[in-house]
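Position 58 of the sequence shown, counting from 1, maps to 65 under this note's numbering, and the rest follow consecutively.
The C-beta atom is built at its ideal place from N, Cα and C for all residues, glycine as well.
Below is one structure, written out as C-alpha cells; the observations come after it.
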Amino acid sequence: MTSASAADGAKENRDLIDTLRRSKLFRSYEQTFSEATGLPLAVRPVDYWQLEHQGKKHENPFCALLAERPATLAACLQAHAEMIQHTGELPRTVTCPFGLTETAVPIKLGERTIGYLRIGQVLRHMPAKSDTRKVSRELERHGVKFGAEIRKAWDKNPLIPPDRYNAIVRLLTFFGEQLSALANQLILEQQNAEPPLVQKAREYIDKHKGDPLSLADVAKAAGASVFHFCKVFHRITGLTFTDYVARVRLEDARARLLNPSLRISEIAYDVGFQSLTQFNRTFKRVFGQSPTEFRTHLASGKQRGKAA
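What follows is the structure in C-alpha cells.
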C-alpha cells in the first residue's frame with residue numbers, strides 16, 4: 008500500500024468513525040451508559056493519539072491532572088498505544104503504569120478494525136498502602152510529586168469490582184458489534200451516490216451470493232476490467248472484493264442463525280461457503296465468536312429474558 012492510499016484509508020476511517028459518533032444510536036447509548044456506570048465512553052479511530060476522555064463530563068480527575076504534565080501524559084499515551092496494538096478481534100483490557108484499568112473494544116468494517124470504543128480509568132480493587140506507594144514511586148520516576156492535589160484526586164478514583172467491570176465490558180462488546188453493523192450499513196447505503204460500476208457489482212453479488220463468485224465474473228457483470236474494478240470497488244466500499252463478498256454472506260448467515268431449526272452446516276452452504284470449516288473460521292474472525300457460540304449467546308439471552 009502506498010503512503011497516499013494509506014492516508015486516504017485513514018481519512019475514510021476517521022470520517023466513518025465521526026459519522027458513528029454523531030449517530031443517534033451512539034449518542035443515546037453514550038448517555039445511557041454514562042448514567043448507568045458513571046464512566047465516560049469514547050469512540051475513536053485507530054490513529055487517534057490523544058487521551059480519549061479529556062474534557063468529558065465523567066473524566067477521571069486523577070487522569071486529568073496527569074494529562075497536564077508532559078512526562079505523565081507521555082506515559083499514559085504510551086499505555087494507550089500498547090493497548091490498541093494488541094487489540095484484535097476481541098476487547099483488550101490493560102492496567103496503566105499508575106494502576107488504573109482501561110479497555111478498548113474494536114469496531115470493524117468487514118474484517119478491518121477502523122476504531123475502538125474506549126472505557127476505563129478505574130480501579131478494580133480497593134488500593135492497599137503498597138499500591139499507593141507504587142503509584143507514588145511511579146509518579147516520582149516521571150518527575151511528579153504525589154502531593155496533596157494529586158493525592159486528593161487519587162482518592163477519588165472510581166472503584167468497580169472485577170465482576171461488574173467484566174459485565175460492563177461484555178455489554179460494551181455487544182454495542183461494538185452494533186456499531187460495526189451500522190458502519191457496514193452506512194457503507195452499503197453509499198451505493199445511491201456510487202458509480203454504476205459499483206452498483207452493478209453489488210446487485211450481482213447480492214443476487215448470486217449463494218453461488219460461487221469469481222472476481223472476473225463480477226467485474227464482467229459490472230462492465231469493467233478486473234484491474235479497474237478492483238481499484239474503484241475498494242476505493243468506494245473500503246473493502247476488497249473478497250472481504251465484501253464474505254461480509255455479505257456472513258450477514259446473511261447471522262440472520263439465518265436466528266432460526267434454531269436451521270442447521271449451521273445447512274446455513275454455511277446456502278449462503279455460499281464451500282466448506283463448513285471455512286465458514287466457521289471466517290465467522291469467528293469477523294464476529295469474534297463461532298456460529299455455535301453466537302447461537303448459545305442468543306439462547307442464554309432468551310432464557311434470561313424469560314426468567315426476568
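Asked: Rounded to whole angstroms, what is the Cα-Cα separation between E184 and R302?; Found: 15 Å
Asked: I'd like to check one pair, A208 with F234: are the Cβ atoms closer than 8 Å?; Found: no
Asked: Per DSSP, P1 forms a beta bridge with which residues?; Found: Beyond the ends of the chain as shown, which are 8 and 315, falls residue 1; an answer cannot be given.
Asked: Starting from the N-terminal side, write out each stretch of the alpha helix (DSSP H) that is 4 residues or longer and does not extend beyond the segment 177-260.; Found: 203-215, 222-229, 233-244
Asked: Ignore the nearest five residues each way along the sequence and tell me which others in L265's own chain have a CB closer than 8 Å to its CB.; Found: L305
Asked: Under 7 Å Cβ to Cβ from L269, same chain only, skipping five residues before and after it: list those, please.; Found: R263
Asked: Hey, out of I274, T289, S272, whose CA is closest to T249's CA?; Found: T289
Asked: So the alpha helix (DSSP H) R144 belongs to, where does it begin and stop?; Found: 136-148
Asked: Using the Cα positions of G295 and V225, report the straight-line distance between them to the nearest angstrom.; Found: 29 Å
Asked: Leaving out the 5 sequence neighbours to the left and right, which residues in its chain are closer than 6 Å to N20 when beta-carbon positions are compared?; Found: P52, I121
Asked: If we ignore side chains and look at the alpha-carbon of each, how far apart do K2 and G117 end up?; Found: The structure shown does not extend to residue 2, since the chain is modelled only from 8 to 315, so the question has no answer here.
Asked: According to DSSP, what are the bridge partners of T102?; Found: T108
Asked: Using 8 Å as the threshold, is the C-beta distance between I167 and V205 below it?; Found: no
Asked: Going along the chain, which residues of its own chain have a beta-carbon closer than 6 Å to the beta-carbon of D54, five neighbours each way excluded?; Found: A17
Asked: For L73, which of A275, T139, K152, A228 has the nearest alpha-carbon?; Found: K152
Asked: Which same chain residues, not among the five before or five after L283, have their C-beta less than 7 Å away from its C-beta?; Found: S272, A275
Asked: For my contact list, A254 and F280 are in at a C-beta cut-off of 8 Å; report their separation, rounded to the angstrom.; Found: Checking the displayed sequence, the identity of residue 254 turns out to be Arg instead of Ala. So it is not a contact: roughly 13 Å between Cβ atoms.
Asked: Between A228, T180, G245, E258, which has its C-alpha nearest Y36's C-alpha?; Found: T180
Asked: With distance defined between alpha-carbon atoms, name the residue in P134, R292, P202 nearest to K163.; Found: P134
Asked: To the nearest angstrom, report how far apart N287 and I126 are at their CA atoms.; Found: 30 Å
Asked: Return the CA-CA distance between T299 and K291, expressed in angstroms with no decimal places.; Found: 10 Å
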